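Encoded structure:
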């Protein structure tokens, strides 16, 4: 029986090639898009799942609220880990990390800037399950001057070819400013789906600050692993008691205020825990080791996958029911000879699954071709091997069944409800003129298409706005020179030599340059006694001229004032927050700069606000202080012409004064672009899937237009005999479809406008959805519908009316 059904389905497919092509093409594109999105979502959800104990691992974070400003940080005090393990019976083990963003590394004549250097506790490789290629996990991070390097790092520095090759273990490399370490272990490169990565790991014991007893100012990232079957609840309760037990005494010593009074002033300090498996998609702190994903984008692309699948299924439903007149006699005859309705439903469902199977195979082939360009677009390393995993091998048949039921159930029941008597009397064609459910489906298709067009245009306009937004200073033609601490005593000479060249307009050292200024510290006012978390921007005397910032009141730092070494300048936001719009007699207190006790900072000026982080964030309060020379980075303002020659000049001076450190730089304007690279990629991907969704809708519309033209062949013939023109026939066939497109747009406008308003709210600086995007969406969908239908209408109008009326 099944063989008979498949034979019928195959004959029908061959006989109606155009109909079959449109159905299979729509389903193939829809399934291929959905599979790509599912691969993307699967990868995002897989982060950190390679650790066997991932469900038992948590990260401890620190929450602070100072004068209404909420700060969430991954940093905790160094003593927390051991204290927590000692005092909580629910914890099996703890470990700590410290992240150093980028550092130069050298071995003989090979020097590179490494982006992922960590310091870790000795139990790191027992706590996390990263693989080791050579070396002993028990002794790897015990003692000083030992380093773990990854396999890829070993290839770069030692031409390492893998286990069994000449080992680099025992060789000495130089990290940063002359710090020599010995290679003790080679580890496999961390999986891509880890929320942190490393190329080098040093023993945390070699970092002096890890021995600090401070619970408030630490930079350790603390992880805990629960015992099997243990609950996180008692650990959270224990963390709550630590605030009173350990932070309170430190507050009294540093601020002369206890925790209760601290809370009465509108402040709060507390610990919280995060499941390891939730970090990648649910953690957006400024001091994350690496940039994380966003659960909102999972919801967004998941919705797009559902919508595209629905569009493809709706096409199939519409075209299958539209062709039902050609199957009506078959159904009538089968019912007359005793075929049960259930068997007829089974036959048509099997035909639907046959189409789905072909589309699924074609979709897998298309995905294998498109995976490389999609990886580039989405910044992923997705592989077809994932589809061979047990999850996908079980999921693909389930997905095919769901699509088959969605696409095939309505046509199957619709085709089998015809009465044999009506079919034999020829009344079925009049019933086919009722388009109710198909009209609803067409409206839904164009509702989705119009909504996606509106969303794409709004995303594009927002990204354009971010790119062109005024930042409060001139970001163009600024070279961001990195790792300038390596200049050491040559820092002042290097800067002086740079300024001798006419193509270099200004140069200045700083801790970080926008948009990456993320250092934060607590500054306090004396009267009234208040604590404020301020971003800290270290700079030298030439920074104002280099960056073209503007002073609102007061003065900038000057070597003529020796007291400026402890002075501070506030940005407008900080001045307003602290109530310091006038400077007379205003001071702040802090231990910034490594002081054991708070020192006084005279406020000497207020600087005009400028954006120093992502435009998704509002401008934060900032304290500007004098920094060391050389500092971590340098801003160099250059002439716009002869840029390559200027860079060669900077490079040659760097090699002269810092020959052992790699020369690395970026451009400030590109740094701002990179800050919003995720949004840009999302926008491009969104646009791609929007175009494909519109294409699927067009396929369905062309198929329906063909059906309508066939259904109205005699009507068109009569109208031509009565003198109707080609244009009037085209208008006739377009009229009904354009009404449906209008309804779809009227429904899509408020819904898409509301959704895009929600999306824009995540940006501190954003556009309002312009009115014209709704008009463009309407015009686009009208044009698509008009040309899709008009082509078939024009062909119908070219027919000889004699042929259509021959049997009348």
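Residue numbers (the working numbering): 1 to 808.
Every residue, glycine too, gets a C-beta built ideally from N, C-alpha and C.
It should be emphasised that the depicted structure is a prediction, and the values quoted were computed from it without experimental measurement.
Beta-carbon spacing of residue 365, residue 60 below 8 Å
no
Can you name, in chain order, every residue of its own chain whose Cβ lies under 8 Å from the Cβ of residue 114, other than the five neighbours on each side?
102, 103, 104, 105, 153, 199, 200
When we look at the beta-carbon of residue 317 and count the other beta-carbons within 10 Å, is it buried (16 or more) or exposed?
With 16 or more Cβ atoms within 10 Å of its Cβ, residue 317 is classed as buried.
For my contact list, residue 319 and residue 700 are in at a C-beta cut-off of 8 Å; report their separation, rounded to the angstrom.
The pair is a contact, with the Cβ atoms about 7 Å apart (cut-off 8 Å).
May I have the straight-line CA-CA distance separating residue 740 from residue 409, to the nearest angstrom?
24 Å
In three-state terms, what does DSSP make of residue 275?
strand
Express the C-alpha separation of residue 27 and residue 313 in angstroms, rounding to a whole number.
7 Å
Take the Cβ of residue 433 as the centre, count every other Cβ of all protein chains shown within 10 Å, and call the residue buried at 16 or more, exposed below.
With a pLDDT of only 49 at residue 433, under 50, the local geometry of the prediction cannot be trusted, and no value is derived from it.
Taking C-beta to C-beta, are residue 610 and residue 382 nearer than 8 Å?
no
Could you tell me which uninterrupted alpha helix (DSSP H) segments, each at least 4 residues in length, are contained entirely in the segment 141-173, listed from first to last along the chain?
You should have 151-158.
Thinking C-beta only, is residue 141 closer than 8 Å to residue 121?
yes
I'd like the list of long-range same chain contacts for residue 494, defined as Cβ closer than 7 Å, with 5 residues on each side in sequence excluded.
487, 653, 657
As an exercise, report each continuous alpha helix (DSSP H) stretch of at least 4 residues that is fully enclosed by the segment 518-572, in chain order.
Correct list: 543-547.
I'd like the ranges of any alpha helix (DSSP H) spanning at least 4 consecutive residues and lying wholly in the segment 624-703.
643-657, 668-675
Where do the N-terminal and C-terminal ends of the beta strand (DSSP E) with residue 480 fall, by residue?
Residue 480: member of the beta strand (DSSP E) spanning 478-481, first to last residue.
For residue 590, the three-state DSSP class (helix, strand or coil):
strand
Return the CA-CA distance between residue 123 and residue 138, expressed in angstroms with no decimal places.
About 8 Å.
Output the boundary residues of the alpha helix (DSSP H) element that contains residue 214.
No alpha helix (DSSP H) contains residue 214, which DSSP labels as neither H nor E.
Sub-8 Å separation of residue 203 and residue 77 beta-carbons:
No, they are not a contact pair.
Relative to the C-alpha of residue 85, which candidate in 75, 107, 242 has its C-alpha closest?
Minimum Cα distance to residue 85 is reached at 242.
State the Cα-Cα distance for the pair residue 738 and residue 33, rounded to the nearest angstrom.
27 Å
Residue 367 beta carbon less than 8 Å from that of residue 35:
yes
Taking its Cβ as the centre, do 16 or more other Cβ atoms sit within 10 Å of residue 347, making it buried, or is it exposed?
Per the 10 Å Cβ criterion, buried.
Have a look at the DSSP bridge pairing and note the partners of residue 69.
66
Please say whether residue 266 and residue 751 have beta carbons closer to each other than 8 Å?
no
Below 8 Å on the Cβ atoms is my contact criterion, and I expect residue 510 with residue 605 to pass it. Report the Cβ-Cβ distance as a whole number of Å.
About 17 Å separates the beta carbons of residue 510 and residue 605, which is beyond the 8 Å limit, so they are not a contact pair.
Cβ neighbour criterion (16 or more within 10 Å) applied to residue 627:
buried
Measuring only the C-alpha atoms, how far is residue 444 from residue 296?
24 Å
Please list the terminal residues of the continuous alpha helix (DSSP H) segment that includes residue 497.
491-498
Between the Cα of residue 108 and the Cα atoms of 171, 529, 127, which residue gives the shortest distance?
Taking each of 171, 529, 127 in turn and checking the Cα distance to residue 108, the smallest one comes out for 171.
Curious, which full-length alpha helix (DSSP H) runs of at least 4 residues does the segment 347-382 contain?
none
Buried or exposed: where does residue 512 fall if 16 or more other Cβ atoms within 10 Å of its Cβ makes it buried?
buried
According to the Cβ coordinates, are residue 619 and residue 607 closer than 8 Å?
no
Which residues bound the beta strand (DSSP E) around residue 222?
Its beta strand (DSSP E) spans residues 221-226.
If we count Cβ pairs, one from each stretch, closer than 8 Å, do we get three or more for the segment 226-241 versus the segment 89-100?
With the cut-off at 8 Å, the segment 226-241 and the segment 89-100 touch.
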